[in-house]
Structures are given as structure tokens and as C-alpha cells.
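Sequential numbering from 257 applies to the sequence shown in the working numbering. Taking it in order: structure first as C-alpha cells, then the write-up.
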Amino acid sequence: RTEPDPEIQDLILASAGLNLALDYLPGSITFDPIAGKSDADLASEIVWFDAFVTNIDRTSRNANMLVWHRRLWLIDHGAALYFHHTWKDYLSRSRDRFPPIKDHVLLRFASTLEAANLKMTHRLTPDIIRNIVKLIPDTWLVGDTPFSDSNQHRDAYIEYLLNRLESPHIFLEEAISARSISL
257 RTEPDPEIQD
267 LILASAGLNL
277 ALDYLPGSIT
287 FDPIAGKSDA
297 DLASEIVWFD
307 AFVTNIDRTS
317 RNANMLVWHR
327 RLWLIDHGAA
337 LYFHHTWKDY
347 LSRSRDRFPP
357 IKDHVLLRFA
367 STLEAANLKM
377 THRLTPDIIR
387 NIVKLIPDTW
397 LVGDTPFSDS
407 NQHRDAYIEY
417 LLNRLESPHI
427 FLEEAISARS
437 ISL
């Protein structure tokens, strides 16, 4: 009601129901890649993670990151896992290189991508993926899907993510290549 921007009003209306949000970060500022240098290890881990979850929406035009108390906070993951808008061939698409990583706002700072790959593949285990996916509310898994129930739907997410995790070199090589071209 109090939001003056009609575009944001439309988004609010369209997102009726259960939503996931983080706490309000008072005094936070939007991350500006020009204003400051980003830590290479953190930037590499974020680039790796965004390539893993196929997040197309962390660009210089819209970084979707906040700085709060000198720490970087990732926000708005709504464009991640975009494969789920159509489940056709989702398993074969789990092996996509993810070319949109070339537009990632932190790519130029991500000079330790190989080390990030080792760290993230050890940190993000199959059990962790399964446990996270099990937390998805049933109400988020309804609608026009090819699955008979929410458990089958969750299993498809798990299968997709585990397939990506089994072959991270596919998207890692894409990120490394994109970074070398952009420098």
C-alpha cells in the first residue's frame, strides 16, 4: 500500500503467499564494484556458488548484494535455479556450463576460483543439499509441474543439484574462461 513504485507493487502482488526473506539490515548500502575492492577469496566463492545455482542476476546493473558492517550480504536469489521454470531435460541441463557467468559483478575480483572450487565442493556436501531441499515448504512446490507430489519435486531438485556438484569443473572452466577474456 505504501510502495510508490508501480513495478514493485506488481511484484508484491505477484509474490502473495509464503516468502523467504532476510532480516532488515539498517544502514546497509548497495554493493558498488567501482567504489571498493572485493576480497578475492570471497568473490571467487560467490562466483562459484552463483555458477553452481545458475544465478543470472548478480550483474553490474543489479548486483543484489548489500554491505552491512563491512560485510557483504547476498540478497534476492529469485533468478537462481532458473531451470525450474521448465523441467524439460532438467538433468541434461544440470551439466550446462552456465555462460551468463561472464556478466557476474564479482568475476573480475575472483582470482582464486580453483581454490574456491575445492573449498565449496568440500563444504557443500550431498547431505547438506538434501537437508536444505527438504526444508522447502510444500506450498512452494505446487503448480504446473510434472511431479506427482512435493517429495518427487524435491527429489528432482536434489538430483539436479547433485549432478552439478558431481561435475563442477564444467561451470568452473566457464567462469575461469570468462574471467580471462574480461581482464
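The beta-carbon is built from N, C-alpha and C at its ideal position, and this holds for glycine as well.
For residue 304, the enclosing alpha helix (DSSP H) starts and ends at 296-308. With a cutoff of 7 Å on beta-carbon distance, residue 362 and residue 303 are scored as near each other. Excluding its 5 nearest sequence neighbours in each direction, residue 329 has C-beta neighbours in its own chain below 6 Å: 322, listed in chain order. Proximity to residue 408 across 421, 420, 423 and 392 peaks at 392, based on C-alpha coordinates.
Residue 352 places its beta carbon 7 Å or farther from that of residue 315. Between residue 430 and residue 357, the C-beta gap is smaller than 7 Å, which places the two residues in contact. For residue 410, there is no enclosing beta strand (DSSP E); the enclosing alpha helix (DSSP H) has its first and last residue at 406-422. Contact check for residue 433 against residue 369 fails: the beta carbons are separated by 7 Å or more. In the structure shown, residue 435 adopts helical secondary structure according to DSSP, grouped into three states. Counting along the chain, the unbroken alpha helix (DSSP H) around residue 389 starts and ends at 382-390. Around the C-beta of residue 280, fewer than 16 other C-beta atoms lie within 10 Å, and the residue is accordingly described as exposed.
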